[in-house]
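K.L.:
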Amino acid sequence: WQKDFGEKQIDHLYTLWVVEAKALKLAFSTTMTKTIDKELQESLKQEHNMLIT
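The sequence shown lines up with residues 6 to 58 when you count with this note's numbering.
(1) Return the CA-CA distance between Asp42 and Leu21, expressed in angstroms with no decimal places.
(2) If you compare alpha carbons, which of Lys50, Asn54, Leu45 and Met55 is closest to Lys27?
(3) Pick helix, strand or coil for Phe33, following the three-state DSSP scheme.
(4) Would you mind stating whether Glu52 and Glu25 have Cβ atoms separated by less than 9 Å?
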């Protein structure tokens, strides 16, 4: 049970890192279009949801 729980936590952390990397890439984009802004908002919302669960 503990091993499975640990693996799930690691998978969750990796997924969070991917979402964070995408959000940072969008946030520091040299141009900010409506599409990029929408993607950034969605990424930040996804990251927020992952952090509170």
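C-beta atoms are modelled at their ideal positions from N, C-alpha and C, and glycine is treated no differently.
P.N.:
Looking at the coordinates:
(1) Cα-Cα distance, rounded: 20 Å.
(2) The closest CA to that of Lys27, considering only Lys50, Asn54, Leu45 and Met55, is found on Leu45.
(3) It is coil, neither helix nor strand.
(4) Yes. Within cutoff.
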